[in-house]
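Residue numbers (mature numbering (1 follows the signal peptide of the UniProt record, and there is no 0)): -22 to -1, 1 to 390.
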């Protein structure tokens, strides 16, 4: 069975107007030779922004299941950033941590990152990222904006009759196709003021490098955030793992695929450390997600998980400093389309799905950005039992890019 993680960031921009081993490593390296090195400023800024966004989300409800894609959000916002000017560009740049990167360098960095991620296909794992622009028929957009989006960020540009009954179906089909069917309905209807949709999709499929054997899965209890005992199916396996432990948490890495081209890092806060405190620590030190751990022998117990998540990101992005982009009177996306009318971000929705089981991980994420018209064992043998709320991240090993990050408070 193949396992798939998909993320469709439907920057549903209602852009509206008006008011492993040496041999294996060599094989992977050879696949990547034609690419230039990735600008780590772009990767680091995307990771840091995603973690700050995630930590901001956790402030309102730290003990709930949560799952987002930093890569998807940052890539889609980078497309919108290309059309921003003046105060709006400044606010978005500071919030995303890219204000000191020249636009040409930023686009080149995303170009190389997307190129490398698109090539991360090694048999039993696959990672894909895609962008698209859907422009209202009859609405003018600057040629240089569309060209940059196409050339630098690989965005397919399509002029679409938004009044047609097929418009919603056409965009949803693109999302469905690019997420391998994991996101089937992102755009529900087209607002009369919609000028543009910016769609982004990230898709990842992979199986554990070493799967959990189903016969070792047993009924157990997970201690929820209020101390409640939650019945779960607890998977278990032993072996060699990248593992670390300190006074605040213990963490372990579970790789995907034959070449271990992606990993899930699980952070289990110690019982006297709150999950919110752990999330804050990781947001302040993003390198904790990707720094190397010691390889140790031990045992991991991990619950099967399956849940869906939905959140409006408006308040979160405003809190991070993007207020100007949401202000109908101040937003300036004049590098995207001629004025008047001006464009501004009206709404940002994020929906996700996650499933963990013995063979691997299945997940999907979609974000819609609506832009409206303006106005007792040996000492060296660890045993990590994940039976209380924990945090995790899925990262690409080649670039260090955080693909997804999540929290499990109540396994379902």
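Glycine is no exception: its CB is placed at the ideal position from the N, C-alpha and C atoms.
Measuring alpha carbon to alpha carbon, tell me which residue in 390, 388, 386 and 377 is nearest residue 22. Residue 377 is the option with its Cα nearest to residue 22.
For my contact list, residue 153 and residue 341 are in at a C-beta cut-off of 8 Å; report their separation, rounded to the angstrom. About 15 Å; that fails the 8 Å criterion.
What did DSSP end up calling residue 84 once you bin it into helix, strand or coil? When DSSP states are grouped into helix, strand and coil, residue 84 belongs to the helix group.
Could you tell me how far apart the beta carbons of residue 124 and residue 138 are, in whole angstroms, since I believe they sit closer than 8 Å? Going by Cβ atoms, the distance from residue 124 to residue 138 rounds to 14 Å, so no, they are not a contact pair.
Is the stretch 273 to 293 touching the stretch 246 to 265, taking contact as three or more C-beta pairs under 8 Å? Cβ pair count under 8 Å is below three, so no.
Which first and last residues belong to the alpha helix (DSSP H) in which residue 298 is found? Segment: none, residue 298 is in no alpha helix (DSSP H) and carries neither H nor E.
Could you check whether residue 305 and residue 63 sit closer than 7 Å to each other, using their CB atoms as the reference points? No.
Cβ-Cβ distance between residue 380 and residue 43 below 7 Å: Result no, Cβ atoms of residue 380 and residue 43 do not sit closer than 7 Å.
Which of helix, strand or coil DSSP assigns to residue 237: If DSSP states are grouped into helix, strand and coil, residue 237 belongs with coil.
With a threshold of 8 Å on Cβ separation, who are the neighbours of residue 72 within its own chain once the five nearest residues in sequence on each side are excluded? Closer than 8 Å at the Cβ level, and outside the excluded window around residue 72, lie 299.
Rounded to whole angstroms, what is the Cα-Cα separation between residue 135 and residue 108? Between the alpha carbons of residue 135 and residue 108 lies a gap of roughly 12 Å.
State yes or no: is the C-beta of residue 70 within less than 7 Å of the C-beta of residue 371? The answer is no: Cβ separation not under 7 Å.
What is the rounded straight-line gap between the Cα of residue 250 and the Cα of residue 203? Spanning the two alpha carbons is a distance of roughly 12 Å.
Grab the span of the beta strand (DSSP E) containing residue 198 for me, first residue to last. Run containing residue 198: 196 to 201, per the beta strand (DSSP E) assignment.
CB contact flag (residue 55, residue 88, <7 Å): In this structure, residue 88 does not lie closer than 7 Å to residue 55 by Cβ.
Apply the 10 Å Cβ neighbour rule to residue 37 and answer buried if 16 or more other Cβ atoms are within range, or exposed otherwise. Classification of residue 37: exposed, given that the 10 Å Cβ count is below 16.
Could you tell me which uninterrupted beta strand (DSSP E) segments, each at least 3 residues in length, are contained entirely in the stretch 132 to 208, listed from first to last along the chain? DSSP runs (the beta strand (DSSP E)) wholly in the stretch 132 to 208: 133 to 138, 174 to 184 and 196 to 201.
Identified DSSP bridge partners for residue 222: The bridge partners DSSP lists for residue 222 are 229.
For residue 308, I'd like the list of residues in its chain whose CB is within less than 6 Å of its CB, leaving aside the five on either flank, ordered along the chain. Result list for residue 308: 302, in chain order.
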